[in-house]
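If you're matching positions, the sequence shown starts at 71 in our numbering and goes up one per residue. C-beta: ideal position from N, C-alpha, C; glycine also.
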Amino acid sequence: MINATQFSILTSKYNLANEFSDTVRDKLKKELSLCHPDKTNGNFVDDEHKEKFHELQEAIEYLEANKGNQQLIPVSTVTELVKAFTQLMPNNSVSPLQSLDSVLKENIRDVIEHQSVGFVFPRMSLAFLSLVFTLILAFPKQVIEHPIFKNWLDPTSGNFLLIWSMTLFCTGIIWLFAYSFQARNKKVLSSIKLASFQNNLYNGFIGEHGEATFSKSDLTNYLENVLIYRPRVRQRGIIAMPMSIFYKFFDNELLTPEVIESTANVLLDKAMRNKAILKMETGTFDEEYVIGGNPLAKGTENFQTSNV
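Here it is, written out as structure tokens:
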């Protein structure tokens with residue numbers, strides 16, 4: 071049986087499309103009938119007709135065998151061509167650092183695409199209360215004449231107007247907070263991808279950690295603290311704790327554990343490539359690192375001038 075290349079040459083010879091269609095098959099059969107030996111009492115007119123007959127017959131058999139496959143070239147042939155082409159191409163393999171950077175950027179992109187405005191519960195609750203109080207003010211007569219509501223609500227009183235005003239004010243403030251924190255989180259997420267920002271994060275961690283060795287969990291805890299909680303709570307003293315709890319329960323977290331983990335991986339990989347740290351064999355689940363590869367190192371002098 072002929073192959074794909076021979077079939078392509080043959081269809082071109084008869085001005086046919088190079089495809090496995092019924093139209094091509096019918097035209098090939100028509101050409102075959104013109105040189106069929108039955109037309110001349112079972113004998114070919116000459117060798118040329120005989121060769122043409124067998125050629126067309128093999129082409130029809132090849133078309134029938136590949137009728138379900140609409141590719142012009144069989145998959146096996148394409149596979150071999152791709153393999154040969156790949157071998158001729160220069161080796162542009164992706165480095166581990168590029169891979170880690172890609173994972174970080176993918177995690178950040180995924181978070182931004184699926185983000186929603188935070189403080190959902192307080193926003194919706196205050197918006198609902200504002201709507202209810204506004205409806206009461208819009209229809210005071212119905213409230214005053216209601217057998218139950220008239221004992222609890224007086225839309226015409228100054229106290230009710232004050233409550234309504236405060237509710238509107240709090241609603242506006244909480245919605246403003248929600249969108250401002252969303253903008254802040256997006257800004258932080260975009261900054262994490264920058265090499266200069268990563269360098270500042272790394273040097274900040276080394277400067278604050280102040281020990282010769284550290285674990286990966288130490289770095290991730292630092293990143294979580296500096297990227298999430300510090301930008302939120304700048305108050306000192308008694309107000310800091312309740313505000314931290316408030317954000318923890320009501321804010322929509324954009325800096326997910328995946329982003330924090332990916333950031334830590336990129337920082338550690340860059341630091342090791344610059345020989346700022348060495349990975350220690352501790353036999354524990356948490357990864358341990360030593361500053362500058364020297365277990366006796368003290369302080370952070372090796373890192374303040376290092377660029378990760």
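Specify the secondary structure class of residue i as computed by DSSP and reduced to three states.
i, result
"phenylalanine 123", "helix"
"threonine 352", "coil"
"tyrosine 84", "coil"
"glutamate 131", "helix"
"serine 285", "strand"
"valine 190", "helix"
"valine 360", "strand"
"isoleucine 233", "helix"
"isoleucine 72", "coil"
"isoleucine 79", "helix"
"isoleucine 218", "coil"
"phenylalanine 90", "coil"
Between the options, which lies nearest to residue i when the distance is taken from Cα to Cα?
i, options, result
"glutamate 176", "Ser103, Leu199, Ala341 and Glu328", "Glu328"
"methionine 350", "Asn291, Leu289, Thr326 and Thr283", "Thr283"
"isoleucine 72", "Val115, Glu118, His124 and Leu86", "His124"
"threonine 326", "Leu297, Val190 and Leu264", "Leu297"
"phenylalanine 90", "Ile276, Ile130, Arg254 and Ser227", "Ile130"
"serine 285", "Glu357, Lys256 and Tyr272", "Glu357"
"leucine 380", "Asn255, Val258, Gly242 and Ile214", "There is simply no residue 380 to check, as the chain begins at 71 and stops at 378 in what is shown."
"valine 190", "Glu215, Phe203 and Tyr249", "Tyr249"
"leucine 232", "Lys97, Leu98 and Phe203", "Phe203"
Enumerate in chain order the residues of its own chain whose CB-to-CB distance from residue i is below 7 Å, with the five nearest sequence positions on each side excluded.
i, result
"aspartate 222", "Aspartate is not the amino acid found at residue 222; the sequence shown has tryptophan there. Cβ within range, chain order: n/a, list empty."
"lysine 122", "Cys105"
"aspartate 224", "Phe230"
"aspartate 171", "Val336"
"valine 94", "Thr81, Leu86, Ala87 and Leu133"
"leucine 207", "Pro225 and Trp234"
Do you know how far the Cα of residue j is from the Cα of residue i?
i, j, result
"serine 260", "glycine 280", "28 Å"
"leucine 205", "tryptophan 234", "11 Å"
"phenylalanine 355", "phenylalanine 251", "35 Å"
"phenylalanine 420", "phenylalanine 247", "Any answer about residue 420 is impossible in this case: the structure gives the chain only from 71 up to 378."
"alanine 341", "asparagine 136", "56 Å"
"asparagine 291", "glutamine 268", "15 Å"
"glycine 353", "aspartate 180", "34 Å"
"lysine 109", "alanine 74", "30 Å"
"phenylalanine 219", "phenylalanine 209", "12 Å"
"glutamate 183", "lysine 345", "36 Å"
"tyrosine 84", "glycine 112", "25 Å"
"phenylalanine 53", "serine 287", "With the chain running from 71 to 378 in the structure shown, residue 53 is simply not present."
"leucine 271", "alanine 253", "20 Å"
"glutamine 76", "aspartate 116", "23 Å"
"methionine 194", "glutamate 278", "40 Å"
"valine 258", "leucine 289", "17 Å"
"proline 192", "serine 227", "26 Å"
"aspartate 92", "leucine 264", "58 Å"
"aspartate 96", "serine 103", "11 Å"
Strictly under 8 Å for the Cβ-Cβ distance: is residue i near chain C by that measure?
i, result
"leucine 264", "No chain C appears in the structure shown, which is made up of a single protein chain."
What is the C-beta distance between residue i and residue j, in whole angstroms, given that I count them as a contact (C-beta under 8 Å)?
i, j, result
"glutamate 101", "leucine 133", "In fact, because the Cβ distance is near 13 Å, the residues do not count as touching under 8 Å."
"glutamate 294", "isoleucine 244", "That pair is no contact at about 25 Å."
"serine 200", "threonine 237", "5 Å"
"isoleucine 178", "isoleucine 262", "7 Å"
Residues in its own chain within less than 6 Å of residue i by CB, not counting five upstream and five downstream?
i, result
"asparagine 162", "Low per-residue confidence applies at asparagine 162: pLDDT is 47, beneath 50, and the placement is therefore not dependable enough to give any value."
"histidine 119", "Cys105"
"serine 114", "The sequence given here has phenylalanine at residue 114, not serine. Pro107 and Lys120, listed in sequence order."
"valine 213", "Ile206, Phe219, Leu223 and Pro225"
"leucine 98", "Leu126, Ala129 and Ile130"
Using C-beta distances below 8 Å, list every residue in its chain close to residue i, excluding the 5 sequence neighbours before and after it, in chain order.
i, result
"methionine 173", "First, the amino acid is wrong: residue 173 is valine here, not methionine. Taken in chain order, the residues that qualify are Ser332 and Asn335."
"isoleucine 347", "Leu338, Ala341, Tyr359, Val360, Ile361, Gly362 and Gly363"
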